[in-house]
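Visitor:
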Amino acid sequence: MKRIGFFIFLGIAAGVAQADPTPGNVPDFSVEQSCAIFAGHPRPLTVCQESESHFRDEVVSMWTRSPVLGQEQCVKLAAQSERGKYEVLARCLRAAISEAAWKDAVGTIKR
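So the number in my numbering is just where the residue sits in the sequence shown, counting from 1, plus 13.
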């Protein structure tokens with residue numbers, strides 16, 4: 014419960030997201046923009062871009078399993094990040110999926 018409140022707080026604090034996904038679609042953050050702080054440094058730039066691409070693939074695989082409220086809150090949180098937007102989004106979605114599974118398990122036990 015505390016985790017949901019935290020995500021709601023973060024979602025409210027985030028304001029307007031830079032990527033506005035339509036329902037069912039993964040947000041489109043610019044990997045180049047997320048890694049722009051490494052411009053002029055070829056190796057770190059490449060590592061950042063590869064990492065963000067990996068996390069984007071992870072987000073794509075998790076997106077439909079994520080609760081809609083979690084998707085919205087996680088997109089707002091990721092939009093605040095100066096870099097690593099897909100990394101933030103992937104980690105947040107993992108937490109949202111875990112929390113939803115936990116709630117389902119607790120609900121099943123109570124029945």
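Even glycine gets a Cβ: it sits at the ideal position worked out from N, Cα and C.
Nearest by alpha-carbon distance to Val44: which of Ser79, Gln62, Arg56, Ile50 is it?
Guide: Taking the sequence shown and counting its residues from 1, the one referred to as residue 44 is at position 31. Looking at the Cα atoms, Gln62 is the closest of the given residues.
Visitor: Is Pro34 helix, strand or coil when you go by DSSP?
Guide: What you label residue 34 is simply residue 21 of the sequence shown in a count that begins at 1. For Pro34, the predicted model reports a pLDDT of 46, less than 50, meaning its position is unreliable and no value from the coordinates is stated.
Visitor: Quick check on DSSP: helix, strand or coil for Cys48?
Guide: Numbered from 1 along the sequence shown, position 35 holds the residue referred to as residue 48. In this structure, Cys48 counts as coil in the three-state DSSP scheme.
Visitor: Among Pro40, Gln46, Pro80, which has the Cα closest to the Cα of Lys116?
Guide: As a position in the sequence shown, residue 116 is number 103, starting the count at 1. Among Pro40, Gln46, Pro80, the Cα nearest to that of Lys116 belongs to Pro80.
Visitor: Buried or exposed for Arg69, going by 16 or more other Cβ atoms inside 10 Å?
Guide: Residue numbering aside, residue 69 sits at position 56 when the sequence shown is read from its first letter. Buried.
Visitor: Give the secondary structure of Phe68 by DSSP, where H, G and I count as helix, E and B as strand, and everything else as coil.
Guide: For the purposes of this step, residue 68 is taken as residue 55 along the sequence shown, with counting starting at 1. In this structure, Phe68 counts as helix in the three-state DSSP scheme.
Visitor: Please state whether DSSP places Glu85 in a helix, a strand or coil.
Guide: One-based indexing of the sequence shown puts residue 85 at position 72. It is helical.
Visitor: Would you mind sorting Gly53 into buried or exposed? The rule is 16 or more other CB atoms within 10 Å of its CB.
Guide: Residue mapping note: residue 53 aligns to position 40 of the sequence shown, counting from 1. Classification for Gly53: exposed.
Visitor: Taking the beta carbon of Ala91 as the centre, do at least 16 other beta carbons fall within 10 Å, making it buried, or is it exposed?
Guide: Taking the first residue of the sequence shown as 1, we reach residue 91 at position 78. Classification of Ala91: buried, given that the 10 Å Cβ count is 16 or more.
Visitor: So is Gly83 buried or exposed if we call it buried at 16+ other beta carbons inside 10 Å?
Guide: Locating residue 83 in the sequence shown gives position 70, where the first residue counts as 1. Buried is the call here.
Visitor: In three-state DSSP terms, what is Arg107?
Guide: Taking the first residue of the sequence shown as 1, we reach residue 107 at position 94. Three-state DSSP puts Arg107 in a helix.
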